[in-house]
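Participant:
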Amino acid sequence: MGRYILKRLLWMIPIILGVTVLVFTMMTICPGDPATTILGSLATEEALAAKRVELGLDQPYFKRLVQYLIDVYIRFDLGASWISKIPIISEIKVRLPRTMILSLFTTMLSFGIGIPLGISAATKQGRWQDHLTMVVAMVGCSMPNFWLAMMLVLLFAVKLKWLPALGIGTGIAGLKYYILPAVSNFATGMAIAARQTRSSMLDVIRSDYITTARAKGVPEKSVIRRHALKNALIPIITLVGTTFGNMLGGALIIETIFSIPGMGTYIIGAVGNRDYPVVQAGTIFLAIVFSVFMLLVDIAYAAVDPRIKAQYAAKGGAKKKAKEAKA
Amino acid sequence: MSDVAVKQARPKKKSEFLRVLKELTKNKLAIAGICLILLEVLLAILAPVIAPYDPLLMNLSETFQRPNATHLFGTDDVGRDLLSRILYGARYSLSSGFLAMVFGVVMGVIVGSVAGYFGGQFDNIVMRILDIIQALPGMLLLIVLASMLGGGFLNTIIAMGFGAIAGNARMIRAQILKERTSEYIEACQSINCSRFRIIFQHLLPNCISPIIVGASMSIGNYVVLGSSMSFIGLGVQPPTPEWGALLSDARNYIGMFPHMVIFPGLCIAITVLAFNLIGDGLRDAMDPKLKH
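First to last, the sequence lines map onto chains A and F.
Quick note on my numbering: the first sequence kicks off at 968 and runs consecutively.
Quick note on my numbering: the second sequence kicks off at 162 and runs consecutively.
Quick look at the structure:
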């Protein structure tokens, strides 16, 4: 197991390097001249040329790429925004937690509501609970998050004035600023979680060991909780990773609606301004967050399912045996 | 006479396609989805005939009108008729979803099948590149791609399709790896078929159906993605009446004039719902095991 985690961690290094090269290359191909964007269209040709030299844009692509990789991975310097001149790392330190809170909050909501819905649908298959869940899931899947966000703002912020529509707050009271953004982003995740839980529960309920449990007189509640649920939830864990990715992506859009100064508003604003260092650094950070989360999910999956755990143990054991045989 | 007897004795083998179609027509929700989409396509095609006004025509004396008899869906901040804009917007939203799906499938199938068939080092390199692309959350990749290509209808489609390549390529590669060792491929190789012909004429037809189903289920998703991109200003540019762009225009007037937000959003939601209903029906029809 330890070897597996180490291997996965090491494998992240080339992936993140690859992401860096990919994003850097994409930003190089970008149409438009950053110097013109920064200085405005009225700037003289000399000023523009001087700005390009200052930004290093006069250098060839390969040289800039190597310089960027050295800066980021050896000197740990992400540089500063071309527009505001503020060091990127200090911005990310403040903004990343907000995006993380929003994405984690929505992921938790998705599974916290989706799984119970799925269970009730599966245990009451064909009855109104089942139909209601499937309708909720279908509608949830179909609503664009940014539209739902606007509708929620209209209802809860504009009409009822219960919750703030824009911005962020501090401390525990500040959490109420995350309620509308989180709720508007979680519908899709909840729908997917509910459907997956339902179908996985239905699979498990039909298996022989559930029949056995019922036959030996285990109460139905206990059959569902202790026997069925435990096994049905294993495939759901794999879903957590992709859902988190979706929620992270959704958060980028949602932030722009609620004016939350997180990574989404940072990156999307920088894209508009051709502020390449910000786009690159922001993308790399989100890729790292996403990869680490996926790794954690995989580890959790392996830890929960004894069959998978046994596989790793067996692999390690087999190698050891082979080595011993050679010796 | 004996011929007839033989014909009757042999069970008639139905094509898989017809079976799926028959299953699909039994599913009422899927039929409803198909009808909705057909209706929308029809409205989009007939937009110039049906639309009461020019979608780009500004009329500053009729700004912010709530839904009424002359403007069924009301007007926007510069007096453009919303119903006409939504009707024309269906053209952009529906076609961008469909074209992005096609682009993603075609590119994904090419990449995945070539990598899967040749295998070895080439496959390894392609898969590692796909790993890198998939290390980015989909929306983030889309934002970066859209900023690289610039806004606009065609570029949004390319960006969305590109984002789907990795997933499609992986799926088709897995199928190809399964099929590659079958006897009929060995037979092709032994009669010296070209690799191109083996991949695209023999392997692909046997591998492609799960991809097609997956892709058709994802059109709704692309409609949402496309409108999200125009919503944040990276997709179709104003004054083009794309549905996401309509919502983007409306966001500043949400408190005062909710009709500007409600109608375009409902259109997106209904379209996606219809595609999801068809997708669900298709999945059930393809794999009766999944139908509980």
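Heads up, the beta-carbon is just placed ideally off N, CA and C, and yes, glycines get one too.
At a Cβ threshold of 8 Å, is residue 1149 (chain A) touching chain D?
Facilitator: Of the chains in the structure shown, none is chain D; the protein chains are A and F.
Participant: For the putative contact between residue 426 (chain F) and residue 408 (chain F), defined by C-beta atoms under 8 Å, what is the C-beta separation to the nearest angstrom?
Facilitator: 6 Å
Participant: Assign residue 423 (chain F) to buried or exposed, taking buried as 16 or more other Cβ atoms, counted over all protein chains shown, within 10 Å of its Cβ.
Facilitator: buried
Participant: Please confirm whether residue 233 (chain F) has its beta-carbon closer than 8 Å to some beta-carbon of chain A.
Facilitator: no
Participant: With a 10 Å radius around its C-beta and 16 neighbouring C-beta atoms as the bar for buried, classify residue 1098 (chain A) as buried or exposed.
Facilitator: exposed
Participant: Could you tell me the distance, in whole angstroms, from the CA atom of residue 983 (chain A) to the CA atom of residue 371 (chain F)?
Facilitator: 31 Å
Participant: Across the stretch 992-1003 of chain A and the stretch 1240-1247 of chain A, are there enough close Cβ pairs to call them in contact, namely three or more that are closer than 8 Å?
Facilitator: yes
Participant: Compile a chain-ordered list of the residues in the stretch 386-397 of chain F whose CB is closer than 8 Å to at least one CB of chain A.
Facilitator: 388, 389, 392, 393, 394 and 395
Participant: Which same chain residues end up closer than 6 Å to residue 436 (chain F) when comparing Cβ atoms and leaving out the 5 residues on each side of it in sequence?
Facilitator: 380 and 381
Participant: In whole angstroms, what separates the C-alpha of residue 222 (chain F) from that of residue 1234 (chain A)?
Facilitator: 39 Å
Participant: In whole angstroms, what is the alpha-carbon distance linking residue 316 (chain F) and residue 229 (chain F)?
Facilitator: 37 Å
Participant: Grab the span of the alpha helix (DSSP H) containing residue 1122 (chain A) for me, first residue to last.
Facilitator: Neither: residue 1122 (chain A) is in no alpha helix (DSSP H) and is coded neither H nor E.
Participant: When the distance is taken between beta carbons, is residue 1151 (chain A) closer than 8 Å to residue 1213 (chain A)?
Facilitator: no
Participant: Do you know offhand how far residue 1187 (chain A)'s Cα is from residue 1205 (chain A)'s?
Facilitator: 27 Å
Participant: Classify residue 1090 (chain A): buried if its beta carbon has 16 or more other beta carbons within 10 angstroms, exposed otherwise.
Facilitator: buried
Participant: Just to confirm, are residue 376 (chain F) and residue 184 (chain F) a CB contact at a threshold of 8 Å?
Facilitator: no
Participant: Give a yes or no on whether the minimum CB-CB distance between residue 298 (chain F) and chain A is below 8 Å.
Facilitator: For residue 298 (chain F), the nearest CB of chain A lies under 8 Å from its own CB, placing it at the interface with that chain.
Participant: Around the Cβ of residue 976 (chain A), are there at least 16 other Cβ atoms within 10 angstroms (buried) or fewer (exposed)?
Facilitator: exposed
Participant: Identify which residue in A:987, A:1080, A:1170 and A:1023 has its Cα closest to the Cα of residue 1036 (chain A).
Facilitator: A:987
Participant: Counting pairs of beta carbons, one from the stretch 389-396 of chain F and one from the stretch 317-332 of chain F, are three or more of them closer than 8 Å?
Facilitator: As far as the Cβ criterion goes, the stretch 389-396 of chain F touches the stretch 317-332 of chain F, which means the pair count is three or higher.
Participant: Within a Cβ cutoff of 7 Å, which residues of the same chain sit near residue 252 (chain F), ignoring the five residues on either side of it in sequence?
Facilitator: 205 and 208
Participant: Answer yes or no: does any C-beta atom of chain A fall closer than 8 Å to that of residue 254 (chain F)?
Facilitator: Not an interface residue.
Participant: Which residues of chain F have a Cβ atom closer than 7 Å to the Cβ of residue 998 (chain A), listed in chain order?
Facilitator: Within 7 Å Cβ-Cβ: 311.
Participant: Name the chain A residues that come within less than 9 Å of residue 381 (chain F), Cβ to Cβ?
Facilitator: 1108 and 1109
Participant: Might you give, ordered along the chain, the residues of its own chain that have their beta carbon closer than 7 Å to the beta carbon of residue 398 (chain F), omitting 5 neighbours on each side?
Facilitator: 312 and 313
Participant: For residue 443 (chain F), which residues in the same chain have their Cβ closer than 8 Å to its Cβ, ignoring the five residues on either side in sequence?
Facilitator: 181, 185, 191, 374, 377 and 378
Participant: At the level of alpha carbons, what is the spacing between residue 200 (chain F) and residue 1195 (chain A)?
Facilitator: If you draw a straight line from the Cα of residue 200 (chain F) to the Cα of residue 1195 (chain A), it is about 44 Å long.
Participant: Quick one: what's got a C-beta closer than 7 Å to residue 202 (chain F)'s C-beta in the same chain, skipping five residues either side?
Facilitator: 255
Participant: Under 8 Å by Cβ, that's how I've got residue 471 (chain F) and residue 243 (chain F) pegged, so tell me the actual separation to the nearest angstrom.
Facilitator: Coverage of chain F is limited to positions 162 through 453, which leaves residue 471 (chain F) absent and any answer about it impossible.
Participant: Considering only C-alpha positions, which residue in the set F:385, F:413 and F:334 is nearest to residue 428 (chain F)?
Facilitator: F:385
Participant: Can you tell me the Cα-Cα spacing of residue 219 (chain F) and residue 241 (chain F), whole angstroms?
Facilitator: 5 Å
Participant: If you follow the alpha helix (DSSP H) that residue 1074 (chain A) is in, where does it begin and where does it stop?
Facilitator: 1055-1090
Participant: Please state the DSSP three-state secondary structure of residue 1010 (chain A).
Facilitator: coil
Participant: Could you compute how far the alpha carbon of residue 300 (chain F) sits from the alpha carbon of residue 271 (chain F)?
Facilitator: 23 Å
Participant: List, in order along the chain, the chain F residues whose C-beta lies closer than 9 Å to that of residue 1258 (chain A)?
Facilitator: Under the 9 Å cutoff, chain F gives 296.
Participant: By a C-beta neighbour count over all protein chains shown, 10 Å radius and 16 as the cutoff for buried, is residue 1070 (chain A) buried or exposed?
Facilitator: buried
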